[in-house]
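Student: Every letter in the sequence shown is one number past the one before it in my numbering, and letter 15, counting from 1, is 84. Supplied in structure tokens, the structure appears directly below.
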Amino acid sequence: MSKQRSDCPISCTLDVIGDKWSLLIIRDVMLRGKMSYSEFLNSEEKIATNILVSRLTVLEEEKILVKNVSPENKSKYIYSLTQKGADLLPIIIELMDWGAKYNKNCPRKELGQKIKKDKSAVVRELSEALKQKVK
């Protein structure tokens, strides 16, 4: 774990997931079904390879993601959320909602429309789906 700046819970959380890349990787696993290094690399935000490796390592060390050998391709690793990672779902949903509400360059897509209509129901539905996938 990285060095803590303080004992404030918000600061401690930011020490783990406070950079934009970690949250986008978590989003990709949680909401977009991405699991492999190459899938993360092909995300629209175009993360650099060295940053991707670094952030995946931190997320794995922090037990937010777990890395396993792919059952389909033994030379490939896949990443999945742990329960600790899945517990970030409400935060990810709140960030999506806030971003769509206050940034006019980020229109609500299908999931965003559902969040606007009934955020609690979306969190419940996605939480149930994640329970099936959590390692």
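For every residue, glycine included, the Cβ atom is placed at its ideal position computed from N, Cα and C.
Take every Cβ of the stretch 129 to 149, pair it with every Cβ of the stretch 159 to 173, and state whether three or more of those distances are shorter than 8 Å.
Tutor: No, they do not touch.
Student: So which of Asp156, Gly168, Leu128 has the shortest CA-CA distance to Lys61?
Tutor: Because the chain spans 70 through 204 in this model, residue 61 falls outside it and cannot be assessed.
Student: Tell me Ile147's beta-bridge partners as DSSP assigns them.
Tutor: Asn137
Student: My understanding is that Val122 touches Glu129, with C-beta atoms under 8 Å, so please give their C-beta distance in whole angstroms.
Tutor: The Cβ separation is near 11 Å, so there is no contact.
Student: Going straight from the alpha carbon of Ser80 to that of Lys186, what length do you get?
Tutor: Each residue's alpha carbon lies about 31 Å from the other.
Student: Is Leu158 buried or exposed, if buried means 16 or more other CB atoms sit within 10 Å of its CB?
Tutor: buried
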